[in-house]
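Numbering (the UniProt record's numbering), first residue to last: 1 to 382.
For glycine and all other residues, C-beta sits at the position ideal for the given N, C-alpha and C.
Here's the structure, in structure tokens; my notes come after.
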Ligand SMILES: [Zn+2]
Ligand SMILES: [Zn+2]
């Protein structure tokens, strides 16, 4: 598998972007301020307040408690979810309801009349679907930590220096070469950095996400570099589970109605009818989505790039090819689904290294420029 070539080609006069620590230039490289190499875990500081001898000791705060995005955290920051989880709850409800009804009302009859393999296959598919869904939903999708005040200030200085004319504001874009293709990097005004290639800012979660695919309310999370494979496995296995349950329920109803009226059989088994309706109306969208993502995986594209037509030949009349594609369907599939999973860059469980107890946001916790940086939110999480 070849590595993507990634060189910054402009602005000419500008020095390389300030970054804590040297960085490998590759498709994973971050052009602007961002996470440096993993920091050794620092001892948490216990803040104290109060007057005289009766000082109040407060517990050290973890970084997830002051996280600037709109995510929600559970289990002490181990699990994370997007802000609005209502649709995610509906997904869980639909899958659980359909499967439980199937196991209670259809499986005993089918196991008796046909084979025991039916409930076994359904159980395996169900556990696979649920594990993929939960991994997609509760995993960091590849959020990039926002720049600290010092990093943002250093970058602003660089941008100001690149302005050739005092009347025109300096450009907020940069260009890099990736496999012979010029790729524009946009500046994120919220995260205060140039977004690395394929990164986009999710307006729902308010984070920049690496290899951003889309924000999926059904799984309650962004789909990005770190959870795309789970998302793909989820929709693919859900297609199989839905088709399997649908076929089994139809078989159940057909066998039951032999020698009697089909309509009266439907009246006798309202649970099976409900399963049939849920499966019938959901299978088309799930199958369509699986097919679309199979095409994206085979072409090493993201939904975001496909919708924007980033590498479409029609765009502006200029011929451009996807620089991330390995020109082979198998290699693309391996790269997207089996490539190494990068570590989470938001050190959610790390401690905020500050003596000041502040409610939020994290900005006010950062030290003045020149002071020793505290690695808050930028520490690489091994
Ligand atoms: Zn951003
Ligand atoms: Zn999102």
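Which value, in whole angstroms, describes the spacing of the CA atoms of residue 209 and residue 290? 22 Å
Do the region 120 to 133 and the region 227 to 247 touch if we need at least three Cβ pairs shorter than 8 Å? yes
What's the C-alpha gap between residue 333 and residue 293? 11 Å
Inside the region 267 to 326 only - alpha helix (DSSP H) runs reaching at least 4 residues: Counting whole runs of 4 or more residues, the region 267 to 326 contains the alpha helix (DSSP H) stretches 270 to 299, 303 to 308.
Alpha carbon to alpha carbon, what distance is there between residue 268 and residue 253? Per the coordinates, the alpha-carbon of residue 253 lies some 10 Å from the alpha-carbon of residue 268.
Just to check, is the beta-carbon of residue 273 closer than 7 Å to a non-hydrogen atom of ligand 2? no
Check for me: the beta strand (DSSP E) holding residue 208 runs from which residue to which? 207 to 209
Cα-Cα separation, residue 345 to residue 306: 26 Å
Under the three-state reduction of DSSP, which class applies to residue 72: helix, strand or coil? strand
Proximal residues to residue 119 (C-beta, below 7 Å), its chain only, five neighbours per side dropped: 103, 107, 111
Please list, following the chain, all residues that have a C-beta closer than 6 Å to any non-hydrogen atom of ligand 2. 82, 202, 204, 205, 215, 222
Indicate, with yes or no, if ligand 1 has a heavy atom lying under 7 Å from the CB of residue 190. yes
Between the C-alpha atoms of residue 235 and residue 174, what's the straight-line distance to the nearest angstrom? 36 Å
Span separating the alpha-carbon of residue 309 from that of residue 251: 44 Å
With a threshold of 7 Å, establish whether the CB of residue 208 neighbours any heavy atom of ligand 1. yes
At least 3 beta-carbon pairs within less than 8 Å: the region 320 to 329 vs the region 213 to 231: no
Per-residue DSSP class, three states only, for residue 173: strand
Which whole-angstrom value is the C-beta distance of residue 350 and residue 62, which I expect to be below 8 Å? 7 Å
Compute the Euclidean distance between the alpha carbons of residue 144 and residue 207, then round it to the nearest angstrom. 7 Å
Taking residue 399 as the reference, give the member of 181, 199, 179 with the closest Cα. The question about residue 399 has no answer, for the chain in this structure spans 1 to 382.
Considering only their Cβ atoms, is the gap separating residue 337 from residue 297 smaller than 8 Å? A contact, by the Cβ cut-off of 8 Å.
Mind pulling the alpha helix (DSSP H) runs of 4 or more residues that sit fully within the region 209 to 270? Fully enclosed alpha helix (DSSP H) runs of 4 or longer: 228 to 256, 262 to 268.
Going by C-alpha to C-alpha distance, which of 329, 140, 74 sits closest to residue 341? The shortest Cα separation from residue 341 among 329, 140, 74 belongs to 140.
Which residues in the same chain have their Cβ closer than 6 Å to the Cβ of residue 271, if we skip the five residues on either side of it in sequence? Answer for residue 271: 101, 105, listed in chain order.
Report the three-state DSSP secondary structure of residue 346 (helix, strand or coil). coil
Along the beta strand (DSSP E) that carries residue 188, what are the first and last residues, could you check? 181 to 188
According to DSSP, simplified to helix, strand and coil, what is residue 202? strand
Using only alpha-carbon positions, find the residue among 278, 221, 259, 225 that is nearest to residue 249. 278
Residue range of the alpha helix (DSSP H) that includes residue 93: 86 to 101
Thinking C-beta only, is residue 191 closer than 8 Å to residue 146? Cβ atoms of residue 146 and residue 191: closer than 8 Å.
Bridge partners for residue 62 per DSSP, in chain order? 351
Could you give the distance in angstroms between the alpha-carbon of residue 273 and the alpha-carbon of residue 133? 26 Å
Expected contact under 8 Å - CB spacing of residue 91 and residue 284 to nearest Å: Going by Cβ atoms, the distance from residue 91 to residue 284 rounds to 16 Å, so no, they are not a contact pair.
Less than 8 Å between the CB atoms is what I'm expecting for residue 222 and residue 82, so what's the real figure, rounded? 7 Å
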